[in-house]
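Chemist: If you read the sequence shown in the numbering used here, its first letter stands for residue 197, the second for the next number, and so on. Backbone N, C-alpha and C define an ideal beta-carbon position, used for all residues, glycine too.
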Amino acid sequence: MQSKATLNAPAAPSIEFSQLNKLIQKQREFFNSQATFNLSFRKEQLRCLLSLIKQNEQVIGNALYEDFRKPVFETFITEVGFVEQELKETLRHLTEWAKPRSVNESLFNFPASSATYPEPYGLVFIIGPWNYPLQLVLSPLIGAMAAGNCAIIKPSELTANTSAVIAELIRKNFDEAYLAVVEGGMDTTQHLLQKRFDYIFFTGTPQVGRLVMKAAAEHLTPLTLELGGKSPAIVTEDADLELAARRIVWGKFLNAGQTCVAPDYVLVQEQVKEEFVMFLEQNITAFYGADPAISPDFARIIDDRNFRRLNNLLTKDNIRFGGQTDRDQRYIAPTILDNVTWTHPSMQAEIFGPILPVLSYCSLKDAIKTVNSQETPLALYFFSSDHQKQQCILQKAHFGGGCINDTMSHFVNPNLPFGGVGHSGFGSYHGRASFDLFSHHKSVLHRGTWLDLPLRYPPYKDHLSLVKKILVVV
Ligand code: NAD
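1. Between the beta-carbon of valine 255 and the beta-carbon of glutamine 331, is there less than 8 Å?
2. Residues in its own chain within less than 7 Å of phenylalanine 213 by CB, not counting five upstream and five downstream?
3. Please state whether the Cβ-Cβ distance between arginine 238 and alanine 342 is less than 8 Å.
4. Would you check if the distance between the CB atom of isoleucine 348 and the CB atom of valine 333 is smaller than 8 Å?
5. Rounded to whole angstroms, what's the CA-CA distance from alanine 495 to proline 351? Just pull it up for me.
6. Just checking glutamine 587 against the ligand NAD - is the residue's beta carbon closer than 7 Å to any of the ligand's heavy atoms?
7. Is leucine 303 near the ligand NAD, with its Cβ less than 7 Å from a heavy atom?
8. Measuring only from the beta carbon, is valine 404 closer than 7 Å to any heavy atom that is part of the ligand NAD?
9. Taking 7 Å as the line, does the beta carbon of asparagine 609 fall inside it for any heavy atom of the ligand NAD?
10. Using DSSP with H/G/I as helix, E/B as strand and the rest coil, what is phenylalanine 393?
11. In or out: threonine 455 buried (at least 16 other Cβ within 10 Å) or exposed?
12. Hey, does leucine 290 have any beta-carbon neighbour from chain D nearer than 8 Å?
13. Whose C-beta lies closer than 7 Å to the C-beta of proline 307 among residues of the same chain, with five residues either side of it excluded?
14. With respect to 7 Å, is the separation between the Cβ of cysteine 456 and the closest non-hydrogen atom of the ligand ZN below this value?
15. Say yes only if the C-beta of lysine 638 is nearer than 7 Å to one or more non-hydrogen atoms of the ligand NAD, and no if none qualify.
16. Which term fits alanine 435, buried or exposed, when burial requires 16 or more other beta carbons within 10 angstroms of its beta carbon?
17. Whole angstroms are fine: how far does the CA of glutamine 587 sit from the CA of phenylalanine 595?
18. If you measure from the CB of serine 624, is any heavy atom of the ligand NAD nearer than 7 Å?
19. Beta-carbon within less than 6 Å of phenylalanine 579's beta-carbon, same chain only, minus the 5 sequence neighbours each way: which residues are those?
20. Confirm, please, whether the CB-CB distance from leucine 509 to serine 542 is below 8 Å.
21. Would you report the Cα separation of glutamine 198 and aspartate 522, rounded to the nearest angstrom?
22. Within its chain, find whatever has a CB closer than 6 Å to the CB of cysteine 599; leave out the 5 residues flanking it on each side and keep chain order.
23. Please report the straight-line C-alpha distance between aspartate 563 and lysine 592, rounded to a whole angstrom.
24. Span of the alpha helix (DSSP H) holding serine 335?
25. The ligand NAD and threonine 274: does any heavy atom of the ligand fall closer than 7 Å to the residue's C-beta?
26. Can you give, in chain order, each stretch of the alpha helix (DSSP H) that sits fully within the stretch 278-339 and has at least 4 residues?
27. List the whole-angstrom C-beta distance separating phenylalanine 503 from glutamate 477, where the pair is believed to meet the contact cut-off of C-beta under 8 Å.
28. Taking the runs of the beta strand (DSSP E) that are 3 residues or longer, which of them lie wholly in the stretch 519-583?
29. Taking just the CA atoms, how far does leucine 416 sit from glycine 400?
30. For a quick check, are the C-beta atoms of proline 316 and serine 635 less than 8 Å apart?
31. Residue range of the alpha helix (DSSP H) that phenylalanine 237 falls in?
32. Whole angstroms is fine: what's the gap from glutamate 292's alpha carbon to phenylalanine 233's?
33. Do you know how far the Cα of valine 299 is from the Cα of leucine 660?
34. Distance check for arginine 297 and leucine 651, CA to CA, integer angstroms please.
35. Got a sec: does the ligand NAD put a non-hydrogen atom nearer than 7 Å to the Cβ of isoleucine 256?
36. Could you tell me the alpha carbon to alpha carbon distance between lysine 200 and aspartate 500, rounded to whole angstroms?
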């Protein structure tokens, strides 16, 4: 393994644009053959993906290390292991998820029964970001495959090594008429977005999400946007401060802070701020040592543009802890910023790096007001031992999802649909929610032929009074 993150290679499209129409046509024909409608086919393909991921754990780990020196342990828990768990969960429950779902019947339809029938959309286009380059294309892909779709994946060009591994694994093991990876940069995505797909799944920034949504509108293609934002961690005076600090430091500095659900900033109750910051500092040192630059457990910034962007947030007067940088290594130390206000550059946009501003608040009411006055965050983390305060946050603060007394762990539970709201996106996935997201749920009423009540047919005569009487009962 190299000691330094390699520079990101320029993103050349892996396929001539002129060939894309052919690829899409092939997938269309394969989908129309209805081979993917067969549950055994879907399971076989999912099992194939599972064994590929298991066999290539080390290759994937090396690629992520080359891309931004991601520690092997973090690669396992957040990428390889996560995808494996998602695959196993899907294989375990797919038969059940794919069954028609009966629903209660309306009295007006008597006698009849109704059910929804999940069916695949068709061709799915999955666009991935760089920060969890394997998980964030394969996790939606698992849902798309489980639901019986064909798919084209466009991984991020910024993690060129991981992207190449994904492309090779898929190309060598799946028919491109079923699954294909197209590598390349924004031109490639824009070109693909002009084509007609049946579902688009995008993970990335709100700015690019807007472009994707405009392109989808051209073909009236349904889509999911998994976006980012500034996710707060709120710490109250009655919280276990040491534990809160440890869990926030873990959530913030994993992947060097380049996580969509990382706590972006902390709002801590004024009277416990100093003690809490002391615990933050102690935990950073306990995790990464006195010099995190030599820690094997701390990743690098993905590229020079993001390094420069983050460097600009490190205003000298606000650095309370850390702040060291190394441009050649694209290293930024785990950093705490103090005395920042909402006009500070770190509070103007999602940080997406190892920099943690700590702001204080007087009352919980003020903290909630502050959070609700910003764009709705993807996540919110609340640290308090007071049940009433926990309920208050759940009822009054707006956010995509989150944790009480922890950070990021809600993401891991396949039974919790994951997604944003407002500027952090829409649509949610993981586990059964992924299967549902990539399925159209065809609603069908079944009517017998043995009875045909005349109530709805003209001439209506006194039918209205009868209908009103029924309405009183139902
Ligand atoms: P990005 O929006 O820059 O890029 C995402 C994808 O879009 C890449 O594949 C890229 O090639 C493509 N792209 C970039 N610019 C484009 C353009 N002009 N036209 C068409 N395609 C374009 O995002 P990123 O920097 O890769 O990822 C970081 C962002 O993603 C953060 O905001 C983070 O919060 C968010 N994110 C969200 C989630 C989630 O689950 N909600 C997960 C991870 C990351």
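Modeler: Quick answer:
1. Not a contact, by the Cβ cut-off of 8 Å.
2. For phenylalanine 213, where only same-chain residues beyond five positions count, the Cβ hits under 7 Å are His387.
3. With contacts defined by Cβ atoms closer than 8 Å, arginine 238 and alanine 342 form a contacting pair.
4. Going by C-beta atoms, isoleucine 348 is not nearer than 8 Å to valine 333.
5. Near 20 Å, if we compare the C-alpha coordinates of proline 351 and alanine 495.
6. Not under cutoff, so the answer is no.
7. No - the ligand NAD has no heavy atom lying nearer than 7 Å to the Cβ of leucine 303.
8. Yes.
9. Within 7 Å of the C-beta of asparagine 609 there is not a single heavy atom belonging to the ligand NAD.
10. Phenylalanine 393 falls in the coil class under three-state DSSP.
11. Label assigned to threonine 455: buried.
12. Going by chain labels, chain D is absent from the structure shown, which holds only one protein chain.
13. Here the set comprises Gly644 and Leu647.
14. Looking for the ligand ZN in the displayed structure turns up nothing; the ligands present are the ligand NAD.
15. Checking every heavy atom of the ligand NAD against the Cβ of lysine 638, none is found closer than 7 Å.
16. The residue in question, alanine 435, is buried, as its Cβ has 16 or more Cβ neighbours within 10 Å.
17. Phenylalanine 595 and glutamine 587 have their alpha carbons spaced roughly 14 Å apart.
18. Checking the Cβ of serine 624 against the ligand NAD gives no.
19. Closer than 6 Å at the Cβ level, and outside the excluded window around phenylalanine 579, lie Val431, Ala435, Ala440 and Asn601.
20. Yes.
21. Its pLDDT being 36, under 50, glutamine 198 is placed unreliably by the model, and nothing is read from it.
22. Closer than 6 Å at Cβ, skipping near neighbours: Tyr577, Ser605 and His606.
23. According to the sequence shown, residue 563 is alanine rather than aspartate. Looking at the backbone, the Cα of alanine 563 and that of lysine 592 are separated by about 11 Å.
24. 331-342 is the extent of the alpha helix (DSSP H) around serine 335.
25. Not so, every heavy atom of the ligand NAD lies at least 7 Å from the Cβ.
26. None, since the stretch 278-339 contains no complete alpha helix (DSSP H) of that length.
27. Contact between phenylalanine 503 and glutamate 477 fails: their C-beta atoms lie close to 24 Å from each other, not under 8 Å.
28. The stretch 519-583 contains these whole beta strand (DSSP E) runs: 531-533, 551-557 and 575-579.
29. Whole-angstrom Cα-Cα distance: 21 Å.
30. In this structure, proline 316 sits near serine 635, with a CB-CB distance shorter than 8 Å.
31. Counting along the chain, the alpha helix (DSSP H) containing phenylalanine 237 begins and ends at 235-251.
32. Their Cα atoms are separated by approximately 15 Å.
33. One Cα belongs to leucine 660, the other to valine 299, and the distance between them is close to 27 Å.
34. Going from the Cα of leucine 651 to the Cα of arginine 297 covers about 28 Å.
35. Outside the cutoff, so no.
36. Reliability fails at lysine 200, whose pLDDT of 39 lies under 50, so the model's placement of it is uncertain and no value is given.
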